[in-house]
Amino acid sequence: MNAPAIPIKTVEYEKPSEGASCVAHAWARTPAPVSPAEKEELKERIRRLLREREAVLVAHYYVDSDLQDLAEETGGCVSDSLEMARFGRDHAAKTLVVAGVRFMGETAKILSPEKTILMPDLDATCSLDLGCPADEFAAFCDQHPDRTVVVYANTSAAVKARADWMVTSSIGLDIVKHLHEQGKKILWAPDKHLGSYIQKQTGADMLLWQGSCLVHDEFKGIELDLLKAEYPHAKVLVHPESPANVVEQADVVGSTSQLIAAAVNMDADTFIVATDNGILHKMRQAAPGKNFIEAPTAGNSATCKSCAHCPWMAMNGLRNLAEVLENMNNEIHVDPAIGKDAVRSISRMLDFAAAKKAKVAPSADLAQEAKLFQGIGPA
Ligand code: 13P
Ligand code: SF4
């Protein structure tokens, strides 16, 4: 049976240039829906192919719920960007299939150049990555040689290669705090909302690239305030890529994994969630019986560009996943010279995260803290 034609949609995003932002256009294609019978057949085929190819599926919480379930059920993982990177690096499989967006596949390749990294759709990108071209970013860094360069995971391999540190949303705050305590001035890219949230929390001197996530940028503070009035007992969970007037209303701000943990652990039965609605699948599984309400993306004053679902995460489907496993195509390649530089900034973060985990309890002992971070950084 021939797969149906895949509709292409145009996607608008904010592209910072020379300090000002303008609107740019990209595109995304969404896999055509599958019938219930085809779904079962595809899932079975994927399970078989994962075994035959000795491959492991590493998925993000924003992708199709069937892919998330398959990843867990077959010994892979579904997680946030930090854990995806760590899991892929540490897994013994020679082939990783990354269901997410391109920077996640590239990070896996940079950390494990000897592994084959496949993706269901190599054109699944990210507005933060698109809005931070490596040449413009390098020129920005050249203008500020006194600053430690910290970039978010949602960037190209070439941008990571120019950075001193790469961070994800689950550990960015801790790493910037650590650098600030060492007296470092920071150049941050590309997400302006995450950057200004970290800046406010840490008091660090941060110069921000002005990129944004087209999904999170759509959450509206005024409408969220109204929704909270309707649900006065609800707790508000917010991803820090959201605008400041949304973050300010949060009970918890954190990465996707941290928001899921909050949904499980907080003593509340209703949550308003300001992040991609793909996360609701895992929240409902992990906290059965609790209610999850999507934070508003559009009111009278807005147009809904993204409807709280990333158009590029949505490019990962059962059909294209089965096809890449069948054909072993859609392989991620990273220029080894770029990979060699980029691995430094990523490994610094992973080493920092490992050291932090190893710490049993905060010591409040500066000498001990200094020992803990020996050999990890700074740039
Ligand atoms: P997390 O690292 O929190 O999963 O975020 C990745 C991402 O792209 C959020 O939009
Ligand atoms: Fe990028 Fe936003 Fe999509 Fe995450 S949700 S991959 S930040 S565009």
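Be aware that the sequence shown starts at 0, since it is given in numbering that gives the first Met the number 0, and climbs by one per residue.
Don't be surprised by glycine CBs; every beta carbon is placed ideally from N, CA and C.
Span separating the alpha-carbon of residue i from that of residue j
{"i": "C303", "j": "A297", "result": "Confidence at C303 is low in this model, with a pLDDT of 49, below 50, so the placement of that residue should be treated as unreliable; the coordinate-derived value is given next. If I take the Cα positions, the gap works out to 5 Å."}
{"i": "V57", "j": "L320", "result": "12 Å"}
{"i": "N315", "j": "V62", "result": "6 Å"}
{"i": "M83", "j": "E229", "result": "36 Å"}
{"i": "L117", "j": "K183", "result": "38 Å"}
{"i": "R318", "j": "R28", "result": "13 Å"}
{"i": "R88", "j": "Q67", "result": "19 Å"}
{"i": "N299", "j": "E51", "result": "Note that N299 scores 49 on pLDDT, short of 50, meaning its location in the model is unreliable and no value can be drawn from it."}
{"i": "A273", "j": "Q248", "result": "10 Å"}
{"i": "N329", "j": "D65", "result": "20 Å"}
{"i": "S241", "j": "M165", "result": "20 Å"}
{"i": "G253", "j": "A123", "result": "24 Å"}
{"i": "D141", "j": "E53", "result": "44 Å"}
{"i": "P15", "j": "E135", "result": "10 Å"}
{"i": "L349", "j": "V342", "result": "10 Å"}
{"i": "A369", "j": "E43", "result": "Any answer about A369 is weak, because its pLDDT of 42 lies below 50 and its placement is not dependable; what the coordinates show is given next. Going by the C-alpha atoms only, they are around 51 Å apart."}
{"i": "I271", "j": "D334", "result": "42 Å"}
{"i": "V97", "j": "C21", "result": "31 Å"}
{"i": "K219", "j": "L186", "result": "27 Å"}
{"i": "V77", "j": "R283", "result": "14 Å"}
{"i": "L324", "j": "I45", "result": "7 Å"}
{"i": "S34", "j": "P310", "result": "21 Å"}
{"i": "M312", "j": "L121", "result": "11 Å"}
{"i": "G99", "j": "L110", "result": "17 Å"}
{"i": "K289", "j": "K227", "result": "17 Å"}
{"i": "F291", "j": "V150", "result": "31 Å"}
Distance cut-off 7 Å: residue i Cβ against heavy atoms of ligand 2
{"i": "M118", "result": "no"}
{"i": "C212", "result": "yes"}
{"i": "Y61", "result": "yes"}
{"i": "W311", "result": "yes"}
{"i": "H215", "result": "yes"}
{"i": "S16", "result": "no"}
{"i": "E240", "result": "yes"}
{"i": "V246", "result": "no"}
{"i": "V100", "result": "yes"}
{"i": "N276", "result": "no"}
{"i": "L236", "result": "no"}
{"i": "S126", "result": "yes"}
{"i": "N153", "result": "yes"}
Simplified DSSP state of residue i, which is helix, strand or coil
{"i": "E113", "result": "coil"}
{"i": "P35", "result": "helix"}
{"i": "T201", "result": "helix"}
{"i": "I337", "result": "helix"}
{"i": "C212", "result": "coil"}
{"i": "N299", "result": "Caution is warranted here: a pLDDT of 49 is assigned to N299, below 50, making its placement in the model unreliable, and the coordinate value is therefore given only provisionally. Note: N299 maps to coil in three-state DSSP."}
{"i": "H308", "result": "coil"}
{"i": "D190", "result": "strand"}
{"i": "E229", "result": "helix"}
{"i": "K292", "result": "The residue you asked about is not Lys; residue 292 is Ile in the sequence shown. Here I292 sits in strand by DSSP."}
{"i": "E72", "result": "helix"}
{"i": "M83", "result": "helix"}
{"i": "E247", "result": "coil"}
{"i": "R380", "result": "For residue 380 there is no data in the structure shown, the boundaries of the chain being 0 and 378."}
{"i": "T9", "result": "strand"}
{"i": "R146", "result": "coil"}
{"i": "E105", "result": "helix"}
{"i": "A92", "result": "coil"}
{"i": "P15", "result": "strand"}
{"i": "T124", "result": "coil"}
{"i": "I151", "result": "According to the sequence shown, residue 151 is Tyr rather than Ile. Three-state result, Y151: strand."}
Exposure label - residue i; buried when at least 16 CB within 10 Å
{"i": "P32", "result": "exposed"}
{"i": "Q198", "result": "buried"}
{"i": "G74", "result": "exposed"}
{"i": "V263", "result": "exposed"}
{"i": "P189", "result": "buried"}
{"i": "E39", "result": "exposed"}
{"i": "H24", "result": "exposed"}
{"i": "P239", "result": "buried"}
{"i": "T9", "result": "exposed"}
{"i": "H332", "result": "exposed"}
{"i": "E13", "result": "buried"}
{"i": "E72", "result": "exposed"}
{"i": "D266", "result": "exposed"}
{"i": "C306", "result": "exposed"}
{"i": "W208", "result": "buried"}
**Asked** Relative to ligand 1, what is the chain-ordered list of residues with a Cβ closer than 5 Å to any of its non-hydrogen atoms?
**Response** The set of residues with a C-beta under 5 Å from any non-hydrogen atom of ligand 1 comprises D79, S80, T167, S168, S254 and T255, given in chain order.
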